[in-house]
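**Student:** Taking mature numbering (1 follows the signal peptide of the UniProt record, and there is no 0), I'd label the letters of the sequence shown as residues -17 to -1, 1 to 261.
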Amino acid sequence: MVLPLVLVTCLVAATSAGNFYQDIDVTWGDQRGKILNGGQLLTLSLDKFSGSGFQSKNEYLFARIDMQLKLVPDNSAGTVTTFYLSSQGPGHDEIDFEFLGNSSGNPYTVHTNVYAQGKRNKEQQFHLWFDPTAAFHTYSIVWNPQRIMFLVDNSPIRVFQNSEAIGVPFPKSQPMRVYSSLWNADDWATQGGRVKTDWTKAPFTASYRNYNANGCVKSSAGSSCTSGNSVNDQAWQTQELDSAGRNRVRWVQSKFMIYNYCTDLKRFPQGLPAECKR
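Below you can see the structure in the form of structure tokens.
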């Protein structure tokens, strides 16, 4: 299949982890974002004056993106660590992982969302079945023409299907970069803003490693990402849930989901969004 509107050249990601010096740019934070260990580790920090963030050097039009994160430990209330894909400009597309910190002993909230042509309001939220601050865990976004999948340690937790056939916008024509940030959002992030950031615990730090991006990279001089290119042999291009994956999603959503826009009748009094009825 020829990807619409944008000329891209297809690159197959290496089997080994990428190097942050080669793959990303720290874009804000005045030295609060640091690349360490020869490019194998990256840290973002937040203090009372500023957070920090980075973005990928490449833009992608369909991809699988994997990142290992170790989130802010101990009392992380008020902090938000993000890992997401986004295009730019009005009517932008976006695919979000956001990790909402909490007071010590309480679980992080993993917030997921999908924007298409500037339209959002497709949130699902989860707790995790492990402590995301004690060790690195892998968070992945699979984005292909058929669906978007959110995975944790390669286990799917959410699938957003392409439902354009029933009038639901789907990200398909705007290249997106990978972004990440650590910032203060204590007006809403933790228990609806009731728990504020304890600045005596600053600086807060999140750590990143083993970034892998496997996808179609935007290039004005490149060729379309067609079926004759080797990237199409990669599983992410057509990845979907098998029976084990469907069972895993059901398990995660029954045990750890704490919000699903598709069941929020108060929010949608005129009727749930069309994709929720499938």
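Virtual Cβ for every residue (Gly too), placed ideally from N, Cα, C.
Keep in mind that this is a model prediction, so the values were computed, not measured.
1) Let me confirm a value: residue 88 is counted as buried when at least 16 other C-beta atoms fall within 10 Å, else exposed. Which label applies?
2) So, are the CB atoms of residue 77 and residue 146 less than 7 Å apart?
3) Have a look at residue 33 and residue 64 and give me their C-alpha separation to the nearest angstrom.
4) So within the region 13 to 42, which uninterrupted beta strand (DSSP E) runs reach at least 3 residues, ignoring any that extend past its ends?
5) Rounded to the nearest angstrom, how far is the Cβ of residue 109 from that of residue 120, given a contact under 8 Å?
6) At a cut-off of 6 Å, would you count residue 78 as near the ligand COA, judging by its Cβ distance to the nearest heavy atom?
7) Quick check: what's the CA-CA separation for residue 243 versus residue 62?
8) In terms of residues, what are the limits of the alpha helix (DSSP H) holding residue 5?
9) Note down the Cα distance separating residue 1 from residue 195, rounded to an integer number of angstroms.
10) DSSP on residue 77, reduced to helix/strand/coil?
11) Out of 251, 197, 37 and 29, state which residue places its alpha-carbon closest to the alpha-carbon of residue 9.
12) Reducing DSSP to helix, strand and coil, say where residue 171 ends up.
13) Rank 91, 158 and 59 by C-alpha distance to the C-alpha of residue 100 and give the top, closest one.
14) Quick check: the region 136 to 144 against the region 5 to 19, are at least 3 beta-carbon pairs closer than 8 Å?
15) Whether or not the region 156 to 170 and the region 40 to 55 are in contact is what I'm after, with contact meaning three or more pairs of Cβ atoms, one per stretch, closer than 8 Å; do they touch?
16) Three-state secondary structure (DSSP) at residue 221?
17) Would residue 189 and residue 27 qualify as a contact pair, given that the criterion is a beta-carbon distance under 7 Å?
18) Between residue 80 and residue 91, is the Cβ-Cβ spacing less than 7 Å?
19) Assuming residue 131 contacts residue 143 (C-beta within less than 8 Å), just tell me the rounded distance between them.
20) Could you tell me the boundaries of the beta strand (DSSP E) in which residue 59 lies?
21) Measure how close the beta-carbons of residue 104 and residue 86 come, nearest whole angstrom, since I'm counting them as under 8 Å.
22) For residue 69, does the three-state DSSP call read helix, strand or coil?
23) Using only the alpha-carbon positions, how far apart do residue 171 and residue 177 sit?
24) Could you please give me the residues that DSSP links to residue 91 through a beta bridge?
25) Please return the same chain residues whose Cβ sits closer than 7 Å to the Cβ of residue 186, not counting the five positions on each side in sequence.
26) To the nearest angstrom, how far is it from the Cα of residue 66 to the Cα of residue 249?
27) With DSSP as the reference, identify every bridge partner of residue 102, one or two as the case may be.
28) Across which residues does DSSP place residue 137 in a beta bridge pair?
**Tutor:** On the basis of the supplied data:
1) Burial state of residue 88 is exposed, judged by a 10 Å Cβ sphere holding fewer than 16 other Cβ atoms.
2) Judged by beta-carbon spacing, residue 146 lies beyond the 7 Å limit of residue 77, meaning their Cβ atoms are not closer than that value.
3) 13 Å
4) Qualifying beta strand (DSSP E) stretches, in chain order: 16 to 19 and 24 to 29.
5) Not a contact, Cβ separation roughly 13 Å.
6) The ligand COA is not part of this structure, which contains no ligands at all.
7) For residue 243 and residue 62, the distance between alpha carbons rounds to 22 Å.
8) 3 to 6
9) 6 Å
10) strand
11) Residue 37 is the option with its Cα nearest to residue 9.
12) coil
13) 158
14) Contact between the region 5 to 19 and the region 136 to 144 is absent, because fewer than three Cβ pairs lie under 8 Å.
15) yes
16) helix
17) yes
18) Contact annotation: residue 80 and residue 91 have beta-carbon atoms that are not nearer than 7 Å.
19) 4 Å
20) From DSSP, residue 59 is part of no beta strand (DSSP E); its letter is neither H nor E.
21) 28 Å between Cβ atoms; not a contact.
22) strand
23) Near 8 Å, if we compare the C-alpha coordinates of residue 177 and residue 171.
24) In DSSP, residue 91 forms no bridge with anything.
25) 28, 29 and 30
26) Rounded to whole angstroms, residue 66 to residue 249 spans 29 Å at the Cα level.
27) 99
28) Answer is none; residue 137 lacks a bridge partner.
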